[in-house]
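This report refers to the structure that appears directly beneath it.
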Amino acid sequence: MTESRQMSSSVRVRFAPSPTGYLHVGGARTALFNWLFARHHRGAMILRIEDTDAERNKPELVEGIIEGLRWLGVDWDEGPFYQSQRTELYRAAAKKCLANGSAFLCYCPADKYAGGDYAEPAQDEEPKAGGPRRVTRCSCRDGKPSTPGAKPAIRFKVPVGGTTQFADAVFGEREFSNDEIEDFVLLRSGKGDEEFGQSMYQLGAVVDDIGMGITHVIRGADHLSNTPKQVLLYRALGAQPPVFGHVPLILGRDKTRLSKRHGATDVNMYRAEGFLPEAFRNFLALLGWSPGGDEEFLRTKDLIQRFSLEGVSRTNAVFDRPKLEWFNTQYLQRLPIEDLLPEVGNELKRSGLWKPEWAAGVPPGPDGRDHAWLARTVDLLRPRIRLLPDFSTWARAFFSDDFTRDATAKDKFWKDPKVPELLAKLADALGILKEWNHDACDHSTRAVAEAAGVKAALLINATRVAIVGQAVAPPLFDTMVVLGQQRVVRRLEEAASGAAKA
RNA sequence: GGCGCUAUGGUGCAACGGUUAGCACGCGGCCCUUUCAAGGCCGAAAUACGGGUUCGAUUCCCGUUAGCGCUACCA
5 MTESRQMSSS VRVRFAPSPT GYLHVGGART ALFNWLFARH HRGAMILRIE
55 DTDAERNKPE LVEGIIEGLR WLGVDWDEGP FYQSQRTELY RAAAKKCLAN
105 GSAFLCYCPA DKYAGGDYAE PAQDEEPKAG GPRRVTRCSC RDGKPSTPGA
155 KPAIRFKVPV GGTTQFADAV FGEREFSNDE IEDFVLLRSG KGDEEFGQSM
205 YQLGAVVDDI GMGITHVIRG ADHLSNTPKQ VLLYRALGAQ PPVFGHVPLI
255 LGRDKTRLSK RHGATDVNMY RAEGFLPEAF RNFLALLGWS PGGDEEFLRT
305 KDLIQRFSLE GVSRTNAVFD RPKLEWFNTQ YLQRLPIEDL LPEVGNELKR
355 SGLWKPEWAA GVPPGPDGRD HAWLARTVDL LRPRIRLLPD FSTWARAFFS
405 DDFTRDATAK DKFWKDPKVP ELLAKLADAL GILKEWNHDA CDHSTRAVAE
455 AAGVKAALLI NATRVAIVGQ AVAPPLFDTM VVLGQQRVVR RLEEAASGAA
505 KA
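Taken in order, the first sequence gives residues 5 to 506; the numbers are from our numbering.
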């Protein structure tokens, strides 16, 4: 942590996803923490694709991961780098370890090794009274190939006895007994005529973190137990380990690791559903991190300003969708309208409802609608919006004349047989209005209701269905104002005849 | 099984030896009201358990329990 202060002008962090799946919310949170840390310290963010497992790796998934990061607003200064293209670097590092005695050629078949069939007490080891060691130490590490003639892999030669320690910015000082650390594989054995195969995770990560000058490794706590291996590797390669910061995991409602059966775990699904990226970011940032006080509505600039590894929690956090939805509605309502408009614009474009004259700085369309109209309309609509697509579905009648009236809304508010006649009368009354504003519409509507001897609420509710097709909408007279006199009158006339037929 | 990490209402976080244990989501009620939201007010709801240390433990230590992680020629 002292390091972080000293190095603050040259902080370098990375996000290193593996393209074996989409961008998971856990990965997204890790990416976000790295990014917030980098931006807070005015450091560099690096994107590295860890695709060293040709078997599981699906190159086409990289696109989705990058798309997800972009949507999240997480950008990077260097990369993406692909580990599959850096194989020579890892082979050279593995050979260096071989040369300096910190690694050995292992001839054991993978399945036999993992099963412990080749386990033998390493030299120098004294049998412990407490019981046998649990990790395999095969004879290859002492220069006695267990399976002569087989293609070897390169394993790290973990020291016998002693401990390996490191300081974690989140979990504090950690110490692991070397006798619990297995002789992990650095380089896979070669296939066909190649001498060696691709790098394994530990080697690739460490070689790149050294090579890319990473100062802080911020990653999931599932790597806490891997860290001593990496620290050993740093030393073997003659490098100083970085500052580690392990962040707790994200769990599902049942406290098990978040997975598909908990619902959407793919960040791109939240984008598709129509969450606002900034709201999603705010929600994610508060999962396992706290600025210390009680504030929760923290816009990205606040997040960057306040983020620190000291505020990261050590407890796994449950992904709570209702809270995410709450954040989304908060952003929908509290964002300065001009910050919200681009998102709404994208949604309207996606659904084909967008009109070019609604862009800023463009003259109004033939119906008089322009950017200012859009801003007023969105502002009116937003307290009732939950997700972006609601603008094009629920609020469709505000942006298009091609809308339908909801059947249950009609059942509910057009039940009274007087409705068609009332709507027709209202159309007439509103049609002759010289002034088109909230109060004029209000007075006119209440006058029609009074003249007909019905409660204003009856007419108001029926009118809402007539002009926007929904049982739920913003206050009626405000709605009339943004819709405009001509549209309101036309829709009332339309509805009057339609309601009569029904 | 071994090793490790964690433990405050249902959920996310505060309180970093002394508070009537605070905030938010969700839940219930009331107010507002033209539908539905939003908003305002009120309420129910927590320090896992057992030992220590201390004048005093949510907070420090040990144990138990539970959850999670690692234990691959996956990352």
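Yeah, the Cβ is synthetic: ideal placement off N, Cα and C, and Gly gets one too. Since this is a predicted model, take the numbers as computed values, not measurements.
Quickly, what does DSSP pair residue i with across the bridge? List them, please.
{"i": "Leu191", "result": "Ile158, Ser203"}
{"i": "Val322", "result": "Leu255"}
{"i": "Glu179", "result": "Gln169"}
{"i": "Asp270", "result": "His28"}
{"i": "Ala2", "result": "No statement about residue 2 is possible, as the shown extent of the chain runs from 5 to 506 and does not include it."}
{"i": "Phe37", "result": "Answer by DSSP bridge pairing: none, since Phe37 is not bridged."}
{"i": "Gly249", "result": "Ile222"}
Can you round the beta-carbon distance between residue i and residue j to whole angstroms, since I take them to be within the 8 Å contact cut?
{"i": "Leu427", "j": "Val493", "result": "The Cβ separation is near 11 Å, so there is no contact."}
{"i": "Tyr205", "j": "Glu54", "result": "7 Å"}
{"i": "Asp270", "j": "Tyr26", "result": "4 Å"}
{"i": "Pro21", "j": "Ile69", "result": "5 Å"}
{"i": "Leu40", "j": "Phe311", "result": "4 Å"}
{"i": "Val15", "j": "Ile222", "result": "Not really, about 10 Å apart at Cβ, beyond 8 Å."}
{"i": "Ser193", "j": "Ala243", "result": "Ser193 to Ala243, Cβ: 26 Å. No contact."}
{"i": "Val322", "j": "Arg257", "result": "6 Å"}
{"i": "Lys233", "j": "Ile185", "result": "6 Å"}
{"i": "Thr319", "j": "Ser203", "result": "Actually they are not in contact, since the Cβ atoms of Thr319 and Ser203 sit about 33 Å apart, beyond 8 Å."}
{"i": "Leu391", "j": "Phe279", "result": "7 Å"}
Per DSSP, what kind of secondary structure is residue i in: helix, strand or coil?
{"i": "Thr4", "result": "In the structure as shown, the chain starts at 5 and stops at 506, and residue 4 therefore has no counterpart that could be examined."}
{"i": "Tyr111", "result": "coil"}
{"i": "Met216", "result": "coil"}
{"i": "Asp410", "result": "coil"}
{"i": "Gly30", "result": "helix"}
{"i": "Lys132", "result": "In this predicted model, Lys132 has a pLDDT of only 41, less than 50, meaning its place in the structure is not dependable enough to derive any value."}
{"i": "Gly502", "result": "helix"}
{"i": "Arg261", "result": "strand"}
{"i": "Val316", "result": "strand"}
{"i": "Ile222", "result": "strand"}
{"i": "Trp293", "result": "strand"}
{"i": "Phe301", "result": "coil"}
{"i": "Phe311", "result": "coil"}
{"i": "Gln490", "result": "helix"}
{"i": "Gly3", "result": "Shown here, the chain extends from 5 to 506; a query on residue 3 therefore has no answer."}
{"i": "Trp358", "result": "coil"}
{"i": "Val139", "result": "coil"}
{"i": "Ala364", "result": "coil"}
{"i": "Arg388", "result": "helix"}
Which first and last residues belong to the beta strand (DSSP E) in which residue i is found?
{"i": "Pro84", "result": "82-86"}
{"i": "Phe19", "result": "16-19"}
Quick one: give me the first and last residue of the alpha helix (DSSP H) that residue i is part of.
{"i": "His442", "result": "442-456"}
{"i": "Gly72", "result": "65-76"}
{"i": "Phe402", "result": "400-403"}
{"i": "Pro346", "result": "341-354"}
{"i": "Glu282", "result": "281-289"}
{"i": "Gly435", "result": "423-435"}
{"i": "Leu487", "result": "480-487"}
{"i": "Gln234", "result": "231-240"}
{"i": "Cys101", "result": "91-103"}
{"i": "Arg380", "result": "375-385"}
Between residue i and the ligand HEM, is there a pair consisting of the residue's CB and a ligand heavy atom that are separated by less than 6 Å?
{"i": "Asp115", "result": "Ligands in the displayed structure: none, and consequently the ligand HEM is not present."}
**Message:** Measuring CB atoms only, is the region 436-449 touching the region 478-485, in the sense that at least three cross pairs come out at less than 8 Å?
**Reply:** yes
**Request:** Take every Cβ of the region 452-463, pair it with every Cβ of the region 365-383, and state whether three or more of those distances are shorter than 8 Å.
**Result:** Verdict: no, contact absent.
**Asked** Would you call the region 290-302 and the region 243-258 in contact, with 3 or more CB pairs under 8 Å?
**Response** yes
**Prompt:** Are the region 206-214 and the region 276-290 touching by the rule of at least three beta carbon pairs closer than 8 Å?
**Reply:** no
**Asked** Just checking, does the region 392-408 make contact with the region 346-363 on the three C-beta pairs under 8 Å criterion?
**Response** With the rule of 3 Cβ pairs closer than 8 Å, the region 392-408 counts as touching the region 346-363.
**Message:** Whether or not the region 58-72 and the region 179-189 are in contact is what I'm after, with contact meaning three or more pairs of Cβ atoms, one per stretch, closer than 8 Å; do they touch?
**Reply:** Short answer: they don't touch.
**contact_flag[the region 407-427, the region 368-380] where n(CB pairs < 8 Å) is 3 or more** = Result no; under three Cβ-Cβ pairs closer than 8 Å.
**Request:** Indicate whether the contact test is met: 3 or more Cβ pairs, each with one atom in the region 169-176 and one in the region 219-234, closer than 8 Å.
**Result:** Yes: at least three Cβ pairs fall under 8 Å.
**Prompt:** Is the number of C-beta pairs between the region 470-477 and the region 495-504 that are closer than 8 Å three or more?
**Reply:** yes
**Request:** Report yes or no: do three or more beta-carbon pairs, one from the region 137-149 and one from the region 79-92, lie closer than 8 Å?
**Result:** Cβ pair count under 8 Å is below three, so no.
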